[in-house]
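In the working numbering, the protein residues as written are 1098 to 1412.
Below, the structure is given as structure tokens:
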């Protein structure tokens, strides 16, 4: 398939090789009657606990590359590109739902035979994680989630400050707006949610853009954005498992994120949600795992060590 672009390519070979290398880490699986790109990466050191990584909008599992190796030394890592993202199938309709994305993760968890796992989620993935936690809270889940760590994301619709372009995509003119949004607008809007000193490089932007365009994916922006309505509709159901959680919960948050930064953390505390670990990154924006990968990896490993010690003491 030929992808139409409207930007100057930095280095075609480097971009192609980067994308090819990530694709080779995983495989396409038939999940919920869809072709879904999945990754199952055993721990480098030994067979360890499993962490399920859930990516954000509008990107893909490639978001986790900056911290992949650091975490994979200690944990088996499992991830996938959700329907409409990355290398996965991208049907052109407006019936994408958070529940449907959660179904994909449960299908993968079942297929891999995971009895226990931890979740690390970001952005749109936070909401998918909330749905998985809600199912566990209702005793309707696959496997047992042992902990969940949220990076920047719209956990509460009242604190999610959507960008203007997101509001337009969600509106009745969303398809029209999407048609005329190209690389230049993507670069401007995407970069705007990063910290002032941690903007994505031109190379990173172009890889993100190529992955978005895989399988003619750009046509989906106005379809995928309907998750904002899901958050409003299911707010109470997705809040309850955070307030009454039986498992450890953590936040690693880029404070200067205009969408879900420090104000989201404050709301999390106001709502008396369980919080076993908090790491606030003062100068970092919406993509902490990309902007400050070492800080995020260290914080997550610290959280996991903390809950492991707590578990051992309770035995």
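Virtual Cβ for every residue (Gly too), placed ideally from N, Cα, C.
Under the assumption that residue i contacts residue j (Cβ atoms under 8 Å), give the Cβ distance between them as a whole number of angstroms.
i            : j            : result
residue 1295 : residue 1382 : 7 Å
residue 1229 : residue 1361 : Rounded, the Cβ-Cβ distance is 19 Å, inconsistent with contact.
residue 1154 : residue 1220 : 6 Å
residue 1151 : residue 1231 : Contact flag wrong, Cβ pair sits at about 14 Å.
residue 1224 : residue 1374 : Actually they are not in contact, since the Cβ atoms of residue 1224 and residue 1374 sit about 20 Å apart, beyond 8 Å.
residue 1215 : residue 1243 : 5 Å
residue 1279 : residue 1388 : In fact, because the Cβ distance is near 24 Å, the residues do not count as touching under 8 Å.
residue 1184 : residue 1301 : Rounded, the Cβ-Cβ distance is 18 Å, inconsistent with contact.
residue 1211 : residue 1147 : 6 Å
residue 1250 : residue 1357 : 6 Å
Just list the residues that DSSP pairs residue i with in beta bridges.
i            : result
residue 1351 : 1378
residue 1215 : 1148, 1244
residue 1086 : Outside the displayed span of the chain (1098 to 1412) sits residue 1086, for which this structure offers no information.
residue 1127 : 1132
residue 1346 : 1245
Excluding the 5 residues flanking residue i on each side, which residues of the same chain have their C-beta closer than 6 Å to its C-beta?
i            : result
residue 1126 : 1133, 1135
residue 1376 : 1349, 1396
residue 1342 : 1371
residue 1238 : 1232
residue 1213 : 1241, 1243
residue 1067 : Nothing can be reported for residue 1067: it is not among the residues displayed for the chain, which extend from 1098 to 1412.
residue 1314 : 1187
residue 1149 : 1175, 1214, 1216
residue 1326 : none
Return the chain-ordered list of same chain residues with a C-beta closer than 7 Å to the C-beta of residue i, the five sequence neighbours on each side being excluded.
i            : result
residue 1204 : 1128, 1129
residue 1369 : 1340
residue 1163 : 1386, 1387, 1390
residue 1283 : 1306
Out of the options, which has the shortest C-alpha to C-alpha gap to residue i?
i            : options                : result
residue 1289 : 1164, 1353, 1144       : 1353
residue 1124 : 1115, 1112, 1175       : 1175
residue 1053 : 1313, 1343, 1308, 1395 : The structure shown does not extend to residue 1053, since the chain is modelled only from 1098 to 1412, so the question has no answer here.
residue 1202 : 1183, 1279, 1222       : 1222
residue 1331 : 1113, 1254, 1241, 1185 : 1254
residue 1379 : 1333, 1403, 1359, 1114 : 1359
residue 1137 : 1122, 1245, 1333       : 1122
residue 1328 : 1208, 1337, 1195       : 1195
residue 1116 : 1140, 1158, 1149       : 1158
residue 1404 : 1344, 1321, 1337, 1394 : 1344
residue 1109 : 1306, 1141, 1326       : 1306
residue 1118 : 1304, 1283, 1131, 1285 : 1304
residue 1156 : 1208, 1321, 1367, 1246 : 1321
residue 1399 : 1363, 1346, 1336, 1351 : 1346
residue 1366 : 1209, 1182, 1113, 1256 : 1256
residue 1234 : 1351, 1336, 1114       : 1336
residue 1351 : 1364, 1393, 1338, 1326 : 1393
residue 1209 : 1177, 1182, 1181       : 1177
residue 1166 : 1131, 1113, 1140       : 1140
Near residue i, which residues of its chain fall below 8 Å by C-beta distance, leaving aside the five closest residues on each side in sequence?
i            : result
residue 1236 : none
residue 1199 : 1225, 1228, 1229, 1232
residue 1111 : 1300
residue 1145 : 1171, 1172, 1173
residue 1334 : 1231
residue 1160 : 1152, 1153, 1219, 1384, 1386, 1387
residue 1270 : Note on residue 1270: pLDDT 48, under 50, position unreliable in the model; no value is reported.
Segment contact, 8 Å Cβ cut-off, at least three pairs: the segment 1162–1170 with the segment 1184–1195: no
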